[in-house]
Amino acid sequence: MNAMIIPILIAVLAFAAIAGVGFVFAGPQTNARVQKRAQAIASTTTPQRERVARQRSAAEVAGNRRKQLLKSLKDQERMQRKASVTLGARLQQAGLSISVLQFWIISGVLGLIVVVVALLLRANLILAFGAAFVAALGLPRWVVGFLAKRRTKKFTEVFADAIDIIVRGIRSGLPVGDCLKIIARESPQPLAGEFQRLVENLAMGVTVEQGLEKMYERMPTSELRFFTIVLAIQSKTGGNLAEALANLSTVLRARKLMREKIKALSSEAIASASIIGAMPPGVMTMVMLTTPSYMMMMFTDKRGNVMLLFAVFWMSLGIFVMRRMINFKF
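Sequential numbering of the sequence shown, starting at 8, is according to this note's numbering.
Structure, rendered in structure tokens:
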């Protein structure tokens, strides 16, 4: 019995000794491998986490910029609708220094003069008051719209050059305020006058964004709206202002080129509409000069007056439709 127990104890002790020696030599290597593997996993996951974090931050910045851009576009669109509706804004766009009350007084005096002249010429009352209505309400508004459109066109043609002045000034180290002063001093009218008002407002403590909003009320053009949006977004989110304005100048010049192409392609339609609209009154004037008795019945007889009123209405409607057909907006 004792002879059997002794070999078993010797075998157990030998196994325990061999296992202990193996654990001593293999344990640190296993721990080192585990540590190396953990470090490798950590080194591979940390850049991925940083890259994901950078992508998320860039996406958030882009989303905020997009939201700011949409908000600015909506605000500017609302301001443009408001500026295009009010009569006072139209007078400012035309560069007229009269008030709305003075405009209505001039319109009323003009209508009264037309009525008096028509009655002195012994014209029909319906025709006299119709001509007075057109002279009091239609002609002054047409003149104001014509002056505003001509002034806006002059402003738009040289606005890209003003942006180039700001870009060159910023790249040479000048602040934006000095660039605006250069534009107000060296640019042609009406651009110089509008930027001079902007410089004066800035000198009184108005911010650039508020000054541009006031300028936009006087000159509601898409080019000025883009310029206002770029400055507003740059002031809130940061970035290279010179590069943004240079890109805006390129876009505005491309828009101008596209406008000239559209004008050239639609010139035939405009000429045709002008000829069609001018033929009826032109033929009527020629007939009155050659044979007055043939056309005077239209002015002396009530039926002729009604026919003239219907003719004026339908001619005005046709001219309006043709204008809408050839008026390309982009």
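Positions of the beta carbon are idealized from the N, C-alpha and C atoms, including for glycine.
- Counting the other Cβ atoms within 10 Å of the Cβ of residue 234 gives 16 or more, which makes it buried.
- Contact between the region 205-213 and the region 296-313 is absent, with fewer than three C-beta pairs closer than 8 Å.
- Only exposed fits residue 290, as fewer than 16 other CB atoms lie within 10 angstroms of its CB.
- Taken in chain order, the whole alpha helix (DSSP H) runs of length 4 or more contained in the region 106-192 are 107-127, 132-140 and 146-178.
- The shortest CA-to-CA distance from residue 315 to any of 332, 329, 334 and 288 is the one to 288.
- The three-state reading of DSSP puts residue 287 in helix, counting H, G and I together.
- Boundaries of the alpha helix (DSSP H) harbouring residue 222: 215-225, taken from the DSSP string.
- Distances from the alpha-carbon of residue 165 to those of 230, 121 and 146 put 230 closest.
- Fully enclosed alpha helix (DSSP H) runs of no fewer than 4 residues occupy 229-244 and 248-272 of the region 229-289, in order along the chain.
- Measuring C-alpha to C-alpha distances from residue 153 to each of 97, 217, 120 and 185 identifies 97 as the nearest.
- Within the same chain, Cβ atoms closer than 6 Å to the Cβ of residue 284 are found at 326, the five residues on either side in sequence being excluded.
- Cβ contact annotation for residue 94 (same chain, cutoff 6 Å, sequence separation greater than five): 107, in chain order.
- As the crow flies, the alpha-carbon of residue 252 is around 10 Å from that of residue 241.
- Closest in alpha carbon position to residue 272, among 319, 214, 320 and 333, is 333.
- Membership of residue 210 in the alpha helix (DSSP H) is indicated by the continuous run 198-210.
- The beta carbon of residue 135 sits closer than 7 Å to those of 122, 125 and 126, all from its chain and outside the five residues before and after it, given in chain order.
- The criterion of a C-beta distance shorter than 9 Å is satisfied by residue 177 and residue 249.
- Counting along the chain, residue 307 sits inside the alpha helix (DSSP H) bounded by residues 299-307.
- Where residue 103 is concerned, there is no enclosing alpha helix (DSSP H), because DSSP gives it neither an H nor an E.
- In this structure residue 270 does not touch residue 167 by the C-beta definition: roughly 17 Å separates them, more than the 8 Å allowed.
- Spatial neighbours of residue 195 in its own chain (CB-CB distance under 8 Å, excluding positions within 5 residues in sequence) are listed in chain order as 161 and 165.
- The beta carbon of residue 190 is closer than 6 Å to those of 169, 172 and 202 in its chain, skipping five residues each way along the sequence.
- By the neighbour-count criterion, in which 16 or more other beta carbons inside 10 Å mark a residue as buried, residue 188 falls on the buried side.
- Look at residue 194 here: in three-state DSSP terms it is coil, with no helix or strand label.
- Taking the Cα positions, residue 116 is about 26 Å away from residue 307.
- Note that the C-beta distance between residue 158 and residue 101 is below 9 Å.
- Approximately 3 Å separates the beta-carbon atoms of residue 118 and residue 143; this is inside 8 Å, confirming the contact.
- One Cα belongs to residue 174, the other to residue 146, and the distance between them is close to 43 Å.
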